[in-house]
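A.B. asks: My questions all concern the structure below.
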Amino acid sequence: MSINHNVPYFNLENNEIEGWRSSGATSAAMCLKYFGVPDLGSMPQYEDDVKQRFDRLGIAHTTPGGIRRLIEGLGLINNLTMTGGLSDITRALDSGEICVLHGYWTNAGHILVIRGYDDSGNFFVNDPAGEWFYEGYRNNSPYTEDNKGKNKLYSRRLISSAGNAYSLRETLRFYDTWGNDEIESTARMWLHRISK
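See the structure below:
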């Protein structure tokens, strides 16, 4: 069985407002747009309107609580857990929820959208920065509407390693050393399960 919700993709690299650090706002924007929340302002890009809303309300767009507060304030349900695991992601997607996951794909940390999974259980993601590789990112362009991170397939190993880590170094160590049991059973992900 597979599922892949048609979540729109936004590239953080060309955001007008702090694109370099807006993965949380950009990921929230993808979910808000998917669930039909109308434009929030007059900026040319929807994700910049969302970032501006975070800033105007003084809500941190990099924290689980901040993202939850904005999502719920705009009328959606944000079922947040700080102890999420891979099975929580699959169950959420099966029930029509879209997932936003905090993790360490970068040194500073990063946030992305999980929109589905394939027959092998690997996850379809919208990664607002581009496409992650073990050696680093293939980043989107800051000058065009690039979509290198749209609907990319990230392995269960990668999602579990980055989502359960507290640094990029730890992500890479988990990725290199974890067996199937650790990948499947470790559950300390900061995971949003968003629905209408």
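Per the numbering used here: the sequence shown ends with 187, consecutive numbering throughout. Using N, Cα and C, we set each Cβ at its ideal position, and we do this for glycine too.
Less than 8 Å between the CB atoms is what I'm expecting for His183 and Val91, so what's the real figure, rounded?
C.D. replies: Yes, they are in contact, since the Cβ atoms of His183 and Val91 sit about 4 Å apart, within 8 Å.
A.B. asks: What does the alpha-carbon distance come out to for the pair Gly64 and Leu103?
C.D. replies: Rounded to whole angstroms, Gly64 to Leu103 spans 20 Å at the Cα level.
A.B. asks: Helix, strand or coil for Glu122 per DSSP?
C.D. replies: Glu122: strand per DSSP, three-state reduction.
A.B. asks: Where does Asp30 land, buried or exposed, given buried means 16+ other C-beta within 10 angstroms?
C.D. replies: Flag for Asp30 reads exposed.
A.B. asks: Give a yes or no on contact between the region 78 to 98 and the region 153 to 166, applying the rule of three or more CB pairs nearer than 8 Å.
C.D. replies: Verdict: yes, contact present.
A.B. asks: In its own chain, which residues sit with a C-beta less than 8 Å from the C-beta of Asp79, not counting the 5 before and 5 after it?
C.D. replies: For Asp79, where only same-chain residues beyond five positions count, the Cβ hits under 8 Å are Thr72, Ala178, Met180, Leu182 and Arg184.
A.B. asks: With three or more C-beta pairs closer than 8 Å as the rule, is the region -6 to 8 touching the region 112 to 132?
C.D. replies: At 8 Å Cβ cutoff, the stretches touch.
A.B. asks: In angstroms, rounded to a whole number, what distance separates the CA positions of Gly87 and Ser186?
C.D. replies: Whole-angstrom Cα-Cα distance: 7 Å.
A.B. asks: Nearest by alpha-carbon distance to Leu149: which of Asp167, Ile58 and Tyr134 is it?
C.D. replies: It is Asp167.
A.B. asks: For the region 106 to 162, list the beta strand (DSSP E) runs that are entirely contained and at least 3 residues long, ordered along the chain.
C.D. replies: Listed in chain order, the complete beta strand (DSSP E) runs (minimum 3 residues) inside the region 106 to 162 are 114 to 117, 121 to 124, 127 to 130 and 143 to 145.
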